[in-house]
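As structure tokens, the structure follows; a few thoughts come after it.
Numbering (this note's numbering), first residue to last: 545 to 1124.
Structure, rendered in structure tokens:
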């Protein structure tokens, strides 16, 4: 291990070792053995301290290294190397004031050494003595006038010192040596912009483009400057040039699309927009945001609708492996009420990425609107494997199971999901009302009533809850006065609804108020219920109670033709009597 360390030290410090001299020069009087022995002894001690310092430095024991270098300095403060090495360490430790002092001494002792001077400039910069650092870089340039790196470092010092004109002068000197250079020209342009010398900034870019006429970045910046200078036509000329040089540059086509739109040329504007969407270099997020701006126009402007569909297809073609193009296309279709096609696109998104809960939700909402309960059941089960705490997916699963009369499964899903509802009263209402319906179906009437009551606490004017609760009470022939009040309120909230009018009529029937029941049942039939076998049969029952047996039989026969009714319907018709 010691051999390895010694080899590393030698390799790392060949340059350093070459730059220092013995502690004492050899004496002229070689005959004096005592003097020579003393010199050799001191040289040995100096060397020991120096190499110990280098060893500690290589092991990152910086404090110990500094102590050893300090011992060297105490033995001979005319040696530059210990000061230089100490400055390097203190610079790394952030002791900039001390590093500046030591680097300055090293440079003073050996002014011809470029490494000492370069280190002095660097520690001055680290200590934010930018003007002093600039002086040192100027000295280095005098020694090495062709060193491009020193020009850039010198200009950086002036930039940090906020002396932008000086920095530009340095870049001018560099151009005298190497000619026009993109990096230099761009830097000068930025500095002129900082100085608010826009014309000079434009001139720099023009000079660069004379040598490199197809330099895209310079053309783009120059076009922006022309726009800032309100020279739109000059900017437009550059945009057209850029579109030829770099036809795949989507941003240029977007800019041209804006330009033509401002000019009122919507046809050319859209052509440029299509070229932008075809560009694979233009990010998908920019395109999606543009398409999103079309949503509000789909229903009112057919041209905009057609454009939206065209751009959506181009987006999918240019980014086939991304999920966002299909998602935004699905959103457009959904907004345009093309639900089946929208669902297909959402399902494509889910094939690529199943972690988007909002996409699962959209599919479920479409399935609900289409009464696709089989699809809803399958989709909700899949969604729950990825989002086991999302209440919405439990809700749809419960609703689908309820439709298939899997009431126990429905109740299980709804009871699990309701636990995850937070700060969403409307969703909580949906859970409560669905639980109420499901418990009614399995004749758990106490629980059913409790959940209807909870629903009405959240929304006492919910017509669906009012109607269902009232109707189920009437079927059980209990709390009929309460049922009557709820049903009447329901009809006040939503007039001319045949279903709600039928419920109210039936409650009146159960209360033996047959005349009023007849009036309300006729309203129900007039508002669309004449196609319901149940409602028509009910009307026949009311007529029978009013003594109109012939009329009752006529209505019962109508109900039979319409389809499903009560199990007593055939017997009623055959015997001409009411059975309940």
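Note that beta-carbon positions come from the ideal geometry of N, C-alpha and C, so glycine has one too. Note that the structure is predicted; figures quoted are calculated from it, not measured.
Asked, Found
"Within 10 Å of its beta-carbon, does residue 1109 have 16 or more other beta-carbons around it, so buried, or fewer, so exposed?", "buried"
"Locate the alpha helix (DSSP H) running through residue 1021, then write down its first and last residues.", "First-last for residue 1021: undefined, no H or E at that position."
"Would you decide whether residue 721 is buried or exposed? Buried here means 16 or more other CB atoms lie within 10 Å of its CB.", "exposed"
"Among 1047, 724 and 789, which has the Cα closest to the Cα of residue 1035?", "1047"
"What are the start and end residues of each continuous alpha helix (DSSP H) run of 4 or more residues lying completely inside the region 939 to 1001, in chain order?", "951 to 962 and 969 to 985"
"For the region 943 to 953 against the region 961 to 969, are there 3 or more C-beta pairs whose distance is under 8 Å?", "no"
"Specify the secondary structure class of residue 932 as computed by DSSP and reduced to three states.", "coil"
"Alpha carbon to alpha carbon, how far is residue 829 from residue 1043? Give it in angstroms, no decimals.", "48 Å"
"Apply the 10 Å Cβ neighbour rule to residue 703 and answer buried if 16 or more other Cβ atoms are within range, or exposed otherwise.", "buried"
"So, helix, strand or coil for residue 937, using DSSP?", "helix"
"In whole angstroms, what is the alpha-carbon distance linking residue 767 and residue 761?", "10 Å"
"Using a threshold of 7 Å, state whether the C-beta atoms of residue 821 and residue 859 are closer than that.", "yes"
"Does the Cβ of residue 738 have 16 or more other Cβ atoms within 10 Å, making it buried, or fewer, making it exposed?", "exposed"
"Ends of the alpha helix (DSSP H) at residue 1092?", "First-last for residue 1092: undefined, no H or E at that position."
"How long is the line joining the alpha carbons of residue 981 and residue 992, rounded to whole angstroms?", "7 Å"
"On a Cα-Cα basis, can you pick out the residue from 609, 857, 911 and 706 that is closest to residue 887?", "911"
"Following the continuous alpha helix (DSSP H) through residue 899, name the residue where it begins and the one where it ends.", "Residue 899 -> no alpha helix (DSSP H), and no H or E assigned at all."
"Once the 5 residues before and after residue 597 are set aside, which same chain residues still bring their CB inside 6 Å of it?", "609, 612 and 613"
"For the alpha helix (DSSP H) containing residue 832, name the first residue and the last one.", "828 to 836"
"Give me the Cβ distance between residue 653 and residue 631, rounded to the nearest whole Å; I'm assuming they're in contact under 8 Å.", "That pair is no contact at about 12 Å."
"Only counting runs of 4 or more residues, tell me where the alpha helix (DSSP H) segments fall wholly within the region 717 to 771, in order along the chain.", "726 to 738 and 742 to 755"
"My understanding is that residue 1045 touches residue 1068, with C-beta atoms under 8 Å, so please give their C-beta distance in whole angstroms.", "4 Å"
"Is residue 798 helix, strand or coil when you go by DSSP?", "helix"
"Would residue 573 be called buried (16 or more neighbouring beta carbons within 10 Å of its own) or exposed?", "No answer about residue 573 holds up, because its pLDDT of 49 lies below 50 and its placement is not dependable."
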